[in-house]
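Heads up: the structure comes next, in structure tokens.
Protein chains in written order, with the numbering used here: chain W, 111 to 397; chain F, 111 to 397.
Okay, structure coming up:
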């Protein structure tokens with residue numbers, strides 16, 4: 111899957127997008143210490159973030175659960191107590207799903223259907239050399255709370271896509287540098303970053319200070335992931351207008367620009383640059 | 111969820127349907143003894159059966175997996191080896207999904223998007239007193255193999271819906287009598303069955319003979335579930351034509367008719383009837 115959601119062409123010519131995320135206990139959260147309402151909310155929010163990355167309007171979701179037998183009914187109720195308010199906030203139909211019980215930890219899988227306003231959804235692959243690289247919000251330290259309580263950038267994406275020419279987008283689920291690298295790879299270009307411009311979340315500074323492991327706040331911002339902010343590739347002139355307008359309630363910041371040379375780069379003094387390794391969460395599997 | 115899939119209205123006025131089924135190891139199958147290819151195929155097939163019950167044409171599916179860490183990559187490959195040929199057979203896009211690994215048994219969740227040919231999908235709630243109750247195929251004993259290798263009745267449903275006036279439909283996932291009861295309950299009517307007319311699968315007879323537990327082949331047919339055949343409510347005259355035509359490669363059989371009195375009934379000699387308890391698999395959850 112090269113985009114955050116798959117584009118589906120219906121018989122009537124209408125395009126919609128379909129995306130699915132599965133969260134599992136002990137991996138994506140720990141029910142032992144985490145309110146199930148926040149888990150239910152997150153399971154929906156991560157899908158909405160995927161739709162946002164394609165500037166698709168969420169229409170409906172289905173929810174599938176594998177519940178531990180003991181206390182399963184109560185757990186299901188709590189998950190929905192977290193999920194429903196977010197669905198209502200975005201006027202999304204929760205179109206049923208499938209509820210199962212078994213003798214193992216919780217699995218929650220949400221699939222979201224979105225529709226595309228224009229003829230084509232926003233994609234990862236449209237960035238071009240010279241485009242400004244913009245981001246919403248700030249990065250790093252999401253494990254301190256934002257990874258559960260983030261606001262999916264649906265409204266922001268729809269507003270930006272309606273009012274500005276956007277070339278490409280991706281949401282940051284696995285790490286700012288890793289997801290940016292994925293976007294420019296899909297676009298067959300590269301990106302150079304002005305590291306001093308990267309908006310660092312206060313949580314990243316808090317994490318860096320408290321862990322004292324030599325990992326800086328900037329490192330956290332570049333690699334932590336689960337920020338669920340948007341990275342956008344925007345034509346330079348259009349980016350100027352957007353940055354001037356600041357049309358969102360969250361700041362939009364330019365952190366670099368797309369290059370014809372592939373890969374990730376950091377800008378050095380005097381126009382030079384050096385390679386920057388994309389870092390973040392890789393979904394590894396054993397053979 | 112009162113239908114097999116949820117109906118979603120898109121902005122352009124187009125209706126589509128969305129359905130999701132999650133299968134878990136040790137509950138819906140046992141990987142220990144079951145070829146993962148059959149599991150992958152079944153995970154898609156049960157969703158296609160849900161779409162068939164609404165006479166919706168399958169368009170795209172997404173697949174989410176929670177894989178045991180050990181051997182997960184190989185398992186994923188085998189699941190897709192079973193799923194892909196069925197998707198190709200029905201010309202369905204496998205639109206990506208989400209692959210995770212964890213330290214627990216396999217979970218596979220498939221969500222299918224379908225589109226509706228006419229202005230409205232076929233529903234459970236349209237049966238009317240006097241309608242004939244028709245079924246495709248035969249019932250019972252699916253645990254001997256059919257529960258994994260059944261053919262979802264997608265083509266059959268589309269063909270019947272295009273050529274005959276159908277009032278209501280449901281697919282048999284939990285048991286012939288239980289799912290029929292659900293259909294007539296949603297329709298606020300009842301149904302009386304001619305038990306001698308129910309098509310009994312050879313597997314039901316085999317099971318009854320081998321278990322020797324007093325459960326008859328007919329009991330298996332009425333309550334086993336996972337037959338994934340269709341139950342249809344069809345206006346009497348239309349049913350006559352359909353039964354005469356026998357337009358499918360599988361037989362269509364009348365097993366009873368809808369009644370104004372709610373509930374399930376069995377026909378007795380001389381026009382009398384007695385109550386019949388709906389039986390099948392109930393998806394129970396502990397508190």
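Idealized CB from N, CA, C, for every residue including glycine.
Where does residue i fall in DSSP's three states?
i: residue 283/F; result: coil
i: residue 313/W; result: helix
i: residue 395/W; result: Legend: pLDDT at residue 395/W = 47, less than 50; position of this residue unreliable, value from coordinates given subsequently. Here residue 395/W sits in coil by DSSP.
i: residue 308/F; result: coil
i: residue 222/F; result: strand
i: residue 178/F; result: strand
i: residue 289/F; result: helix
i: residue 170/F; result: strand
i: residue 294/F; result: helix
i: residue 228/W; result: coil
i: residue 376/W; result: strand
i: residue 371/F; result: coil
i: residue 248/W; result: coil
i: residue 119/W; result: strand
i: residue 242/W; result: strand
i: residue 237/F; result: coil
i: residue 188/W; result: helix
i: residue 366/W; result: strand
i: residue 276/W; result: coil
i: residue 342/F; result: strand
Tell me the rounded alpha-carbon separation between residue i and residue j.
i: residue 323/F; j: residue 250/F; result: 15 angstroms
i: residue 420/F; j: residue 198/W; result: Because chain F here runs from 111 to 397, residue 420/F falls outside it and cannot be looked at.
i: residue 145/W; j: residue 376/F; result: 49 angstroms
i: residue 120/W; j: residue 380/F; result: 52 angstroms
i: residue 243/W; j: residue 186/W; result: 41 angstroms
i: residue 111/F; j: residue 200/F; result: Caution applies to residue 111/F, whose pLDDT of 46 falls short of 50 and renders its modelled position unreliable; the value that the coordinates give is listed next. Approximately 25 angstroms, taken between the alpha carbons.
i: residue 303/F; j: residue 209/F; result: 45 angstroms
i: residue 277/F; j: residue 230/W; result: 38 angstroms
i: residue 196/F; j: residue 127/W; result: 22 angstroms
i: residue 213/W; j: residue 175/W; result: 13 angstroms
i: residue 395/F; j: residue 356/W; result: Note that residue 395/F scores 47 on pLDDT, short of 50, meaning its location in the model is unreliable; the coordinates nonetheless yield the value given after this. Cα to Cα, residue 395/F sits roughly 50 angstroms from residue 356/W.
i: residue 397/W; j: residue 390/W; result: Any reading at residue 397/W needs caution, since the residue's pLDDT is 38, under 50, leaving its predicted position unreliable; the model's value is listed next. Each residue's Cα considered, the two are about 21 angstroms apart.
i: residue 378/F; j: residue 370/F; result: 17 angstroms
i: residue 224/F; j: residue 275/F; result: 20 angstroms
i: residue 338/W; j: residue 211/F; result: 21 angstroms
i: residue 118/F; j: residue 169/W; result: 8 angstroms
i: residue 346/F; j: residue 320/F; result: 39 angstroms
i: residue 336/F; j: residue 131/F; result: 13 angstroms
i: residue 204/F; j: residue 287/F; result: 34 angstroms
i: residue 177/F; j: residue 216/F; result: 5 angstroms
Hey, quick one: how far does the beta strand (DSSP E) through residue i stretch, first residue to last?
i: residue 208/F; result: 203-212
i: residue 159/F; result: First-last for residue 159/F: 146-163, but that is the alpha helix (DSSP H), not the beta strand (DSSP E).
i: residue 267/F; result: Counting along the chain, residue 267/F falls outside any beta strand (DSSP E), though it belongs to the alpha helix (DSSP H) covering 264-273.
i: residue 78/F; result: Residue 78/F lies beyond the stretch modelled for chain F, which goes from 111 to 397, so this question has no answer here.
Rounded to the nearest angstrom, how far is the Cβ of residue i from that of residue j, given a contact under 8 angstroms?
i: residue 340/F; j: residue 281/F; result: 6 angstroms
i: residue 173/W; j: residue 193/W; result: 7 angstroms
i: residue 358/F; j: residue 221/F; result: Residue 358/F to residue 221/F, Cβ: 27 angstroms. No contact.
i: residue 129/F; j: residue 115/F; result: 3 angstroms
i: residue 184/F; j: residue 227/F; result: Going by Cβ atoms, the distance from residue 184/F to residue 227/F rounds to 40 angstroms, so no, they are not a contact pair.
i: residue 279/W; j: residue 163/W; result: 5 angstroms
i: residue 398/F; j: residue 202/F; result: Given a span of 111 to 397 for chain F in the structure shown, any question on residue 398/F remains unanswerable.
i: residue 398/W; j: residue 387/W; result: This structure gives no information on residue 398/W, because the portion of chain W shown stretches from 111 to 397.
So which residues of chain F does residue i contact, with C-beta pairs closer than 7 angstroms?
i: residue 130/W; result: 172, 174, 207, 208 and 221
i: residue 217/W; result: 176 and 217
Against residue i, what residues of chain W qualify as contacts under a CB-to-CB distance less than 8 angstroms, listed in chain order?
i: residue 120/F; result: 120, 124, 126, 169 and 225
i: residue 203/F; result: 116 and 118
Which residue marks the beginning of the alpha helix (DSSP H) containing residue i, and which one marks its end?
i: residue 352/W; result: 346-355
i: residue 386/W; result: No alpha helix (DSSP H) contains residue 386/W, which DSSP labels as neither H nor E.
i: residue 131/W; result: Looking at the DSSP string, residue 131/W is not in any alpha helix (DSSP H); the run it does join, the beta strand (DSSP E), is 125-134.
i: residue 328/W; result: 327-333
Under 9 angstroms Cβ-Cβ, which residues of chain F neighbour residue i?
i: residue 137/W; result: 176, 210, 211, 212 and 213
Residues of chain W with CB closer than 7 angstroms to the CB of residue i, please, in chain order.
i: residue 134/F; result: 176, 210 and 212
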